[in-house]
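Heads up, the sequence shown is in the working numbering, so the first residue is 27 and it goes up one at a time.
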Amino acid sequence: MAVKLITFDVYMALVDIQGSLTPVVAEALSITEETAFDFVSLWRVKQMERAALSNSIAYGHKSFMECTDLALNYVIHKKKLSISQIVRKKLINSWNDLMPWPEALAATQELKMLGYEIAILSNGDLHMLNNIANKFENCIDHILSAELAQNFKPHPSVYELPISHLGFAKNEILHVAGSPSDVMGARAFGIKCYWSNRSNDRVIDEAFKANYEDNDLNGILKIL
Numbered sequence: 027m028a029v030k031l032i033t034f035d036v037y038m039a040l041v042d043i044q045g046s047l048t049p050v051v052a053e054a055l056s057i058t059e060e061t062a063f064d065f066v067s068l069w070r071v072k073q074m075e076r077a078a079l080s081n082s083i084a085y086g087h088k089s090f091m092e093c094t095d096l097a098l099n100y101v102i103h104k105k106k107l108s109i110s111q112i113v114r115k116k117l118i119n120s121w122n123d124l125m126p127w128p129e130a131l132a133a134t135q136e137l138k139m140l141g142y143e144i145a146i147l148s149n150g151d152l153h154m155l156n157n158i159a160n161k162f163e164n165c166i167d168h169i170l171s172a173e174l175a176q177n178f179k180p181h182p183s184v185y186e187l188p189i190s191h192l193g194f195a196k197n198e199i200l201h202v203a204g205s206p207s208d209v210m211g212a213r214a215f216g217i218k219c220y221w222s223n224r225s226n227d228r229v230i231d232e233a234f235k236a237n238y239e240d241n242d243l244n245g246i247l248k249i250l
């Protein structure tokens, strides 16, 4: 495989949203971890729902942080909660301090040592992604935010960014996805894709399945 650049999804492939946010939500709202788990799950669903709408309705691009904020509004009202601005700010800011999956740092370090360039290719806003990149000890060479495309994945303009901004050819890129929609977006665009499929999920359309799949990031090292 003539891969030179490995692009990583962030919010499913590199970091653990649920594990990072559940204890923060539980403490901030004084609720059980089980209740907080459900809160975070719904927050994430509505965040991605608003991002998808940003791709579809002709009212301009919403930033990912705006999508996150609107989704939090939804969950608060849905669950009939009342929170202070201090607590609200803490919850929003928690997206800037998400923890990597246990093997993520070692896997990216080894890929760097093997000579691959490493990029983040994410729906996150640039300032959000910079905070996460800092957790990877100089392993991240490039940060490609969906802000640049004014669309969110799985829109093809996002997968075009490594080509238009970094000059790589499609056959020189391996994208590491963490979700079925990201897999399908990468494959539909025509780049090779590895799926870190921690939840043993499936793509809805097998015509756009991943080239490679394993249950965490360690599997990348087996295919290069």
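Ideal Cβ positions, reconstructed from N, Cα and C, are used throughout, including at glycine.
Backbone secondary structure at residue i - three-state DSSP
| i | result |
| --- | --- |
| T48 | helix |
| V36 | coil |
| K248 | helix |
| E163 | coil |
| V202 | strand |
| W127 | coil |
| V209 | helix |
The alpha helix (DSSP H) enclosing residue i, as first and last residue numbers
| i | result |
| --- | --- |
| E136 | A130 to M139 |
| H168 | Here H168 belongs to no alpha helix (DSSP H); instead the beta strand (DSSP E) covers H168 to S171. |
| A78 | E59 to S82 |
| D242 | No alpha helix (DSSP H) contains D242, which DSSP labels as neither H nor E. |
Spatially closest choice to residue i from the options, by CA coordinates
| i | options | result |
| --- | --- | --- |
| P206 | V66, E59 and E239 | E239 |
| A195 | G204, D208, G211 and G216 | G216 |
| K116 | A52, Y85 and A133 | A52 |
| N122 | I102, N157, R228 and A145 | N157 |
| E173 | K88, S222, I43 and R228 | K88 |
| V229 | A214, K30 and M210 | M210 |
Any C-beta of chain B under 8 Å from that of residue i
| i | result |
| --- | --- |
| L187 | Within the model displayed, chain B is absent; a lone protein chain is all it includes. |
Beta-ladder partner(s) of residue i, from DSSP
| i | result |
| --- | --- |
| I144 | I32 |
| K218 | L200 |
(request) Count the C-beta pairs between the segment 93-106 and the segment 65-85 that are closer than 8 Å, then say yes if the count reaches three, no if not. (result) Three or more beta-carbon pairs separated by less than 8 Å link the segment 93-106 to the segment 65-85, which places the two stretches in contact.
(request) Count the C-beta pairs between the segment 130-143 and the segment 230-250 that are closer than 8 Å, then say yes if the count reaches three, no if not. (result) Yes, since at least three Cβ pairs between the segment 130-143 and the segment 230-250 fall closer than 8 Å, the two stretches touch.
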